[in-house]
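Novice: Protein sequences, first through last, are from chains V, E, F and Y. Here the UniProt record's numbering is used: the first residue of the first sequence is 1, the next is one more, and so on. Here the UniProt record's numbering is used: the first residue of the second sequence is 1, the next is one more, and so on. Here the UniProt record's numbering is used: the first residue of the third sequence is 1, the next is one more, and so on. Here the UniProt record's numbering is used: the first residue of the fourth sequence is 1, the next is one more, and so on. Yeah, the Cβ is synthetic: ideal placement off N, Cα and C, and Gly gets one too. One structure follows; several queries about it will come next.
Protein chains: 4
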Amino acid sequence: MDFAYDARTNALREQLLAFMDDHVYPAEPVLEEQLADPDRPAWSVPPVVAELQVEARKQGLWNLFLPGEHGAGLTNLQYAPLAEITGRSPQLAPPALNCAAPDTGNMELLAQFGTPEQRERWLRPLLDAEIRSAFAMTEPEVASSDATNIATRIERDGDEYVVNGRKWYITGAMNPRCRILIVMGKTDPDAAPHRQQSMILVPRDTPGVTVRRGMKVFGYDDADHGGHADVLFENVRVPAAHLIGEEGAGFAIAQARLGPGRIHHCMRAVGIAERALELMCRRAGERVAFGRPLADQGVIQDWIAESRVRIEQLRLLVLKTAWLMDTVGNRGAHTEIQAIKIATPSTVEWILDKAVQAHGAAGVSQDTPLAQLWAGNRTLRLADGPDEVHKRSLARRELRKYA
Amino acid sequence: MDFAYDARTNALREQLLAFMDDHVYPAEPVLEEQLADPDRPAWSVPPVVAELQVEARKQGLWNLFLPGEHGAGLTNLQYAPLAEITGRSPQLAPPALNCAAPDTGNMELLAQFGTPEQRERWLRPLLDAEIRSAFAMTEPEVASSDATNIATRIERDGDEYVVNGRKWYITGAMNPRCRILIVMGKTDPDAAPHRQQSMILVPRDTPGVTVRRGMKVFGYDDADHGGHADVLFENVRVPAAHLIGEEGAGFAIAQARLGPGRIHHCMRAVGIAERALELMCRRAGERVAFGRPLADQGVIQDWIAESRVRIEQLRLLVLKTAWLMDTVGNRGAHTEIQAIKIATPSTVEWILDKAVQAHGAAGVSQDTPLAQLWAGNRTLRLADGPDEVHKRSLARRELRKYA
Amino acid sequence: MDFAYDARTNALREQLLAFMDDHVYPAEPVLEEQLADPDRPAWSVPPVVAELQVEARKQGLWNLFLPGEHGAGLTNLQYAPLAEITGRSPQLAPPALNCAAPDTGNMELLAQFGTPEQRERWLRPLLDAEIRSAFAMTEPEVASSDATNIATRIERDGDEYVVNGRKWYITGAMNPRCRILIVMGKTDPDAAPHRQQSMILVPRDTPGVTVRRGMKVFGYDDADHGGHADVLFENVRVPAAHLIGEEGAGFAIAQARLGPGRIHHCMRAVGIAERALELMCRRAGERVAFGRPLADQGVIQDWIAESRVRIEQLRLLVLKTAWLMDTVGNRGAHTEIQAIKIATPSTVEWILDKAVQAHGAAGVSQDTPLAQLWAGNRTLRLADGPDEVHKRSLARRELRKYA
Amino acid sequence: MDFAYDARTNALREQLLAFMDDHVYPAEPVLEEQLADPDRPAWSVPPVVAELQVEARKQGLWNLFLPGEHGAGLTNLQYAPLAEITGRSPQLAPPALNCAAPDTGNMELLAQFGTPEQRERWLRPLLDAEIRSAFAMTEPEVASSDATNIATRIERDGDEYVVNGRKWYITGAMNPRCRILIVMGKTDPDAAPHRQQSMILVPRDTPGVTVRRGMKVFGYDDADHGGHADVLFENVRVPAAHLIGEEGAGFAIAQARLGPGRIHHCMRAVGIAERALELMCRRAGERVAFGRPLADQGVIQDWIAESRVRIEQLRLLVLKTAWLMDTVGNRGAHTEIQAIKIATPSTVEWILDKAVQAHGAAGVSQDTPLAQLWAGNRTLRLADGPDEVHKRSLARRELRKYA
């Protein structure tokens, strides 16, 4: 047992920390300005991101999330501490390194399950950040945490598939540079529950695809990274070769996509928590009320200590999960992958809430990143299925040990 | 001891409930539509509100909050259950009845402390909903929960006062129909701590008043009721007769303004909690996951039961506080007025959070009112001083009992 | 709506508060001494209790719990504030006034459902505190919260009933002065679920009744009030006239017994919480750590304020429930009776926990009453069915409103 | 980074797990029986413990806690997972392996700071389990979390030291086989705050030592491992050679004693949590209520999942702390040593509470180990200073990072 990062991780961490200091944090106010520009094209990514990408790529801080030949070749355990660092500036750092969801998961999926043609057409430009992508899973009308509920149909018709359905909260799909959607739907409603679904590539400009509106998250439209689209698919026809993997493989592919994405999300959330704790400490040191800095107040100290204690535990659990995925695979890490989904959002939410409170009105405003971070993190208690579903599943496995 | 509402309260409740069903709830989608209209003048109140006002006034559901000759003459205990009902549709019902903050507090203040001239010029049009007002207390640079921190200066210069300072989160002040600001500032920084502040009437169009921007609350600009302004006062000159009460009375007036406003806020919050619980129950009854409606899930049932149990306790505490204010006055109700400030936001937040969670992605979206209600309620843990300040004060009084 | 106690309640409160000061609190150390006496007969009630009873009866503070001709004739709402006061010294005050569970519930039951013979033989000496009684409901082998699970059999055989089964946590039944057990069992397992059970009077010295041992509660045997017995019933024969009410009425009688008992328990628990808060405040004022009294610590202040805020809400809910029972009856108060069962134990547990913590090691010791109060209160989350069962039931009623 | 135990740890874990199955768990009912024996000498350790010790020593499962030549030579990281296993049966397994507090800490202390004579006279028989020891730190009259409060005096008088003071909650000191007390007291009240205290060896039978009574923990006297004594020291004279280390070294020695003990306590607590979770799962699988096993109830599933998620995080944090102590020493692990003190008791308490609740009345009784485990764990929120003190200290370090 050894709790030290390995040499490559340490080297990359140092390099990335310097990149954050030299480029990312200074770009945060620039981003704010560009977002506030009334002439900005709707839903476009502000130009500062592309500038950061140039610098990151030059430094080799590029596609770090992707194992294997197509990416940086890091293990999950090596990438996880880097994902944490990017979480400290979650609007800028992940896209700067071409490591932002949902593109990361889509690139992994294409690298692992795509045909050479699919990889050439979509993976290559994604790896080069020439285009963006989206993943269309959640539906408004059904509890999508139960994949068997999915109502979107993907039906074979000659050399084509025809897609019909409605998806929402399709992150990134408002961005005009988003060119491709990976759509989950049912090819065979009569198959066994986990063999009914398939995934298919649908170019965003295919006739029948209507991007209806941007969904909001507690008032935020998240326009800086392409928002969250409400998308209608009406008799959308794509070539049969757009299917990813085989018919009925949708559920299995979704599961495979999930594990590493979970690690990324959770480690970024740890980074967010660290940022929040830092802001809370700074505020507590500066702000005076009733004759003393907030830092002297017992209740604030309690929040700070609890935050530190919770972060340390959470990070270790996510890192262990990454290690398990590297050593025994997704299946062997099943309990831990669920555990971090359960533990992360609520832990980070608690810390963000306290950081907001310590900031007073500034905490809920646009003048600190805290409120927006809170809102983004809140959705993680719902995304990929609400926590309650994961708890039930984890509990059942636990109960089986003693049955 | 008697837990039944009196006859007048019951009659008004029935009338108001009918008004909600017949006019307010049907107006909710209209409000959404009008707010989404791209041609809407910035920060203006959508026209549906004025239509509701006409109807409410016709029915005598008007200025119910205001005791005494200028208003409906209800006691706090009689008005409280009505405020709860308006909380069920907090964007529409309070303004429809001319019972929306911050105008309510401002009208009370003018009725109680204003000169005849001040009442004629500002109170009358406010009572008729011809104009709107704002209350400028909070400052970005200091912990405003401690009134002695307030930095805005109000200096006498001949027949005028000169105001300099910066205020933010001035609710309603973005609204072009907001004509008058009540500004809290220091007239005498050398006086005893609670005699340093005064309040003064500053017409919004006075030279030197700059409304800089709308502050956000978790991404919401709350444009439908005039937003929350960031306002700069630079050598703003108003006649000396604009002072409310005497020099040094600012703190005492603020305290007097606080009690009834607290009851209104808290009862509206109870109404919000009831609305959230209703939405949670409806959702739980309709949504199916893993073969059963959510309503059959033990965890959801736990949320629903806890919500009901917490609401019942909270409502009683607020009502008792109203009764105390009516019978022994603000000072005698000190502990309870603080207690409801402490209890209400966190209780209602808990319920809203569970209602959001039960709705999945819809819960954080613009398609249910829950996320916006959550954000608005979240600010109550900060507004009028963070909960922590009130807890400390209440604890000290408790400790003195046994010292 | 009126939150003031009526005149009779106020008079009795004053009288009882004086009785607490003059007799009960001074008797607390005496009780400790008598309990520690190695020569004390096992499971006997220390003599100080009888002395207090003499004084209480002399003052007319006797059987206050019992409405109607047999008792003091108070309403639930009148008795509730008195029960709170007795809760401040829960080992002494309730028995001193002949108002201690389970005798109170048993007396109510006999007064309401007993035959004249049953009342003469058992109710009269109970009202005079000549004997004690127990209520035998809970069984170790089944989830007794679900009455249909009850396994004890009560079978008719000629002029007798034969009882077989095992009950535990039969409070008071270790006391040698406990003479009568009211036993719940099944007379007809084939009847409709709520018509299977009956209640029957079983004198404790009937052949076949074996009091096996005293059950503990977190290490406490609660010997001062007769402990909690584990009782075996083996072919126990009693005359048919010992049945209470008719065959099949057991469930209905249990429900009727429950309402007032719930009020008593909950109000005593409010009194316990008040006592705990007082002890916490006193300790905080006296104890110095790191150069300041605990009372100056923000975290302690937070506990004190939260305790006050929670107590105020809880008391109001219990009082309203008492009022509902008086005005619309047990059935109309169904939701509230469950709500106080859900709210009370956890609220009071939270406060006791903080009071323990503020006392350091003394808090878990025999030198303050806190640990024992905590343990007793903890069982209320289980007694009469675990909270979770009540929440589910309450939630279902709530859900039906919107179905 | 590597989350796998090393080979020696794995071998010892397997051996210990077998020892638990073969010897410890079967001894649990024997212990219960022996404790219930009315003829048992007061405060003596039941004989089954000595039998287990023989077997454990034969197997080499002996003094595993002790690094260096005197013990098994394991690192903290190697011993920690073994301590967890012993925590599953905390009354039997730790003493069986001669790894029970407070002897462990005392042996470490003697091994590290004792003179050869002290080691020969006290350490050797402790290592052989011939005698037991106690550590006398906590005082009833002062907040002992602040060492500068300690009032016990240790005064030099010729060749002797004279000890005067009162200590309580001296674990193990009721046991007649406890022969030696390590007493913390002030030798120089005028020295710098952390140089005022010294530690001295006081044989339990020294004149002037009065063991007054056993302190209780929520009704438990913990007689099986020597209880918790209230001890008076009145002009107790011991040779000057009984001082441990030098005068003024008491605080530093106490700090050194603390780190490893913290690991042991916390890992045993993790084992307790695992045992509680197992019992909860088994109960949930067996118990039927309202027609279904508890295991099917969503709320129970939620408890089980949360328990697993919290245990996994907690264990990792304790293991990392052990690793830090091994690699960078106590000082470098300062934050983590405090973090596990903060995180462990509350986490384990939550799990024990839920396990109690799932067991109904049995959970609070003597028929499951849960209530007693709960009570023992509850004291950890107080022992070695209340959590609140550690949080404040940790927070201050965190705040300094950003000052």
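1) Below 9 Å between beta carbons: does that hold for residue 263(Y) and residue 199(Y)?
2) To test your reading of the DSSP string, which unbroken alpha helix (DSSP H) runs of 4 or more residues are found completely within the segment 250–304 of chain V?
3) What are the boundary residues of the alpha helix (DSSP H) that includes residue 56(V)?
4) Please report whether the beta-carbon of residue 304(F) lies at a distance below 9 Å from any beta-carbon of chain V.
5) Among the candidates 161(F), 5(F), 256(F) and 2(F), whose CA atom is the shortest distance from the CA of residue 325(F)?
6) Counting only Cβ pairs nearer than 7 Å, list the residues of chain Y close to residue 297(E).
7) Given that residue 375(E) touches chain V, what residues does it touch there, using C-beta distances under 7 Å?
8) So, do the segment 235–243 of chain V and the segment 192–211 of chain V have three or more beta carbon pairs nearer to each other than 8 Å?
9) Compare the C-beta of residue 290(V) with all C-beta atoms of chain E and state if any pair is closer than 9 Å.
10) Could you name the residues of the same chain whose beta carbon sits closer than 7 Å to that of residue 8(E), not counting the 5 residues immediately before and after it, in chain order?
11) Ignore the nearest five residues each way along the sequence and tell me which others in residue 194(E)'s own chain have a CB closer than 7 Å to its CB.
12) Which of helix, strand or coil does DSSP assign to residue 237(V)?
13) Report yes or no: is there a C-beta of chain F within less than 9 Å of the C-beta of residue 118(Y)?
14) Can you find a C-beta in chain V that's less than 9 Å from the C-beta of residue 156(E)?
15) Is there a C-beta anywhere in chain V that falls below 9 Å from the one on residue 269(E)?
16) For residue 15(Y) and residue 343(Y), what's the separation of their Cα atoms in angstroms?
17) I need the DSSP call for residue 455(V), collapsed to helix, strand or coil.
18) DSSP three-state call for residue 24(Y): helix, strand or coil?
19) Report yes if the C-beta distance between residue 179(Y) and residue 244(Y) is below 9 Å; otherwise report no.
20) At what residues does the beta strand (DSSP E) containing residue 165(V) begin and finish?
21) Count the other CB atoms, across all protein chains shown, that sit within 10 Å of the CB of residue 4(E); report buried if there are 16 or more and exposed otherwise.
22) From the beta carbon of residue 95(Y), is the nearest beta carbon of chain F less than 9 Å away?
23) Considering only residues of the same chain and omitting the five flanking positions on each side of residue 117(V), which have a CB-CB separation below 8 Å?
24) Compute the Euclidean distance between the alpha carbons of residue 382(Y) and residue 361(F), then round it to the nearest angstrom.
25) Would you mind stating whether residue 86(E) and residue 74(E) have Cβ atoms separated by less than 9 Å?
26) Pick out the complete beta strand (DSSP E) segments inside the segment 62–133 of chain F, 3 residues or longer, and give them in chain order.
27) Counting only C-beta atoms, is residue 365(E) closer than 9 Å to chain V at any point?
28) Is it right to say residue 147(V) is buried, meaning 16 or more other beta carbons lie within 10 angstroms of its own, or is it exposed?
29) Which word fits residue 234(V), buried or exposed, when buried means at least 16 other C-beta atoms lie within 10 angstroms of its C-beta?
30) Residues of the segment 271–288 of chain E with a CB closer than 8 Å to any CB of chain F: list them in chain order, please.
31) Kindly indicate which three-state DSSP category residue 210(F) falls into: helix, strand or coil?
32) Please list, in chain order, the chain V residues whose beta carbon lies closer than 8 Å to that of residue 337(Y).
33) Three or more C-beta pairs under 8 Å: does that hold for the segment 356–371 of chain V against the segment 315–329 of chain V?
34) Using a 10 Å radius around the Cβ and a threshold of 16 neighbouring Cβ atoms, would you call residue 21(E) buried or exposed?
35) Report back the beta-carbon spacing between residue 352(Y) and residue 276(Y) to the nearest angstrom; my notes put them in contact at under 8 Å.
36) Listing by chain order, which chain Y residues have their CB less than 9 Å from the CB of residue 357(V)?
Specialist: On the basis of the supplied data:
1) Locating residue 263(Y) in the fourth sequence gives position 263, where the first residue counts as 1. Locating residue 199(Y) in the fourth sequence gives position 199, where the first residue counts as 1. Not in contact: residue 263(Y) and residue 199(Y) (Cβ atoms no closer than 9 Å).
2) 250–286
3) As a working mapping, residue 56(V) is identified with position 56 in the first sequence. From DSSP, the alpha helix (DSSP H) with residue 56(V) extends over 47–58.
4) Indexing the third sequence from 1 puts residue 304(F) at position 304. Residue 304(F) does not count as touching chain V.
5) In the third sequence, the residue the question calls residue 325(F) occupies position 325. Residue 256(F) is the option with its Cα nearest to residue 325(F).
6) The count along the second sequence starts at 1 and reaches residue 297(E) at position 297. The answer, in chain order, is 298.
7) One-based indexing of the second sequence puts residue 375(E) at position 375. Near residue 375(E) (Cβ distances below 7 Å), the residues of chain V are 218 and 219.
8) yes
9) Against the first sequence, residue 290(V) aligns to sequence position 290. Chain E contact via Cβ: present.
10) Here the question's residue 8(E) lines up with position 8 in the second sequence. Result list for residue 8(E): 78, in chain order.
11) Position 194 of the second sequence holds residue 194(E). Counting only Cβ-Cβ distances below 7 Å, and skipping sequence neighbours, we find 251.
12) Your numbering for residue 237(V) matches position 237 in the first sequence. Three-state result, residue 237(V): strand.
13) Within the fourth sequence, the letter at position 118 stands for residue 118(Y). Not an interface residue.
14) The residue you call residue 156(E) lines up with position 156 of the second sequence. Chain V contact via Cβ: absent.
15) Taking the first residue of the second sequence as position 1, residue 269(E) is located at position 269. Closer than 9 Å: no.
16) Mapped onto the fourth sequence, residue 15(Y) falls at position 15. Mapped onto the fourth sequence, residue 343(Y) falls at position 343. One C-alpha to the other measures close to 29 Å.
17) Limits of chain V in this structure are 1 at one end and 403 at the other, which puts residue 455(V) out of reach.
18) Along the fourth sequence, one-based indexing puts residue 24(Y) at 24. In the structure shown, residue 24(Y) sits in a helix (DSSP, three-state: H, G or I).
19) In the fourth sequence, the residue the question calls residue 179(Y) occupies position 179. In the fourth sequence, the residue the question calls residue 244(Y) occupies position 244. Contact flag unset, no.
20) Against the first sequence, residue 165(V) aligns to sequence position 165. That run of the beta strand (DSSP E) goes 160–171.
21) Numbered from its first residue, the second sequence carries residue 4(E) at position 4. Looking at its Cβ environment, which holds fewer than 16 other Cβ atoms inside 10 Å, residue 4(E) is exposed.
22) Stepping through the fourth sequence from its first residue, residue 95(Y) is reached at position 95. Judged by the 9 Å Cβ criterion, residue 95(Y) is not in contact with chain F.
23) Walking along the first sequence from the start, residue 117(V) turns up at place 117. 241, listed in sequence order.
24) Walking along the fourth sequence from the start, residue 382(Y) turns up at place 382. Walking along the third sequence from the start, residue 361(F) turns up at place 361. About 7 Å.
25) Sequence index remark: in the second sequence, residue 86(E) carries index 86 (1-based). Sequence index remark: in the second sequence, residue 74(E) carries index 74 (1-based). No, Cβ-Cβ distance for residue 86(E) and residue 74(E) is not below 9 Å.
26) none
27) Taking the second sequence and counting its residues from 1, the one referred to as residue 365(E) is at position 365. Closer than 9 Å to some Cβ of chain V, the Cβ of residue 365(E) qualifies, so yes.
28) Walking along the first sequence from the start, residue 147(V) turns up at place 147. Buried, since its Cβ has 16 or more Cβ neighbours within 10 Å.
29) Counting from one through the first sequence, the residue named residue 234(V) turns up at place 234. It is exposed - the Cβ of residue 234(V) has fewer than 16 other Cβ atoms within 10 Å.
30) 277, 278, 281, 282, 284 and 285
31) Residue mapping note: residue 210(F) aligns to position 210 of the third sequence, counting from 1. If DSSP states are grouped into helix, strand and coil, residue 210(F) belongs with the strands.
32) Start at 1 with the first residue of the fourth sequence, and residue 337(Y) comes out as number 337. Ordered by position in chain V, no residue passes the 8 Å Cβ test against residue 337(Y), which lies about 12 Å from the chain.
33) no
34) Within the second sequence, the letter at position 21 stands for residue 21(E). Exposed is the call here.
35) For this step, residue 352(Y) is matched to residue 352 along the fourth sequence. For this step, residue 276(Y) is matched to residue 276 along the fourth sequence. The pair is a contact, with the Cβ atoms about 5 Å apart (cut-off 8 Å).
36) As a first step, residue 357(V) is located in the first sequence; it is residue number 357 there, counting from the start. Correct list: empty, because the minimum Cβ distance to chain Y is about 15 Å.
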